[in-house]
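Inspection log for the structure reproduced underneath, given as structure tokens.
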Amino acid sequence: MMPFFLYIDPSSGSMLFQAIIASVLGGLMFFKQLKFKLTHIFSKKEEQAEKENVAN
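If you count the sequence shown from 1, you need to add 1199 to reach this note's numbering.
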């Protein structure tokens, strides 16, 4: 491989760094929101079951 193909200038390096950081943070936020939505859905079912048990 030619050595000049391995060169990354500062602007390309910072753009690559920004893309990596954005991907990691975006993935973390995606899973955080997914966890929140799933726990919210299942907590509603538990609350409804508790209300039915109290009513009986």
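Beta carbons: idealized from backbone N, C-alpha and C, even for Gly.
Handout entry: Rounded straight-line distance, which links the Cα of Lys1243 to that of Ser1180
Key = Missing from the structure shown is residue 1180; the chain here goes from 1200 to 1255 and no further.
Problem - Helix, strand or coil at Ile1219 according to DSSP, with G and I counted as helix - result: helix
Problem - Spatial distance of Ala1218 from Phe1241 (CA atoms) - result: 35 angstroms
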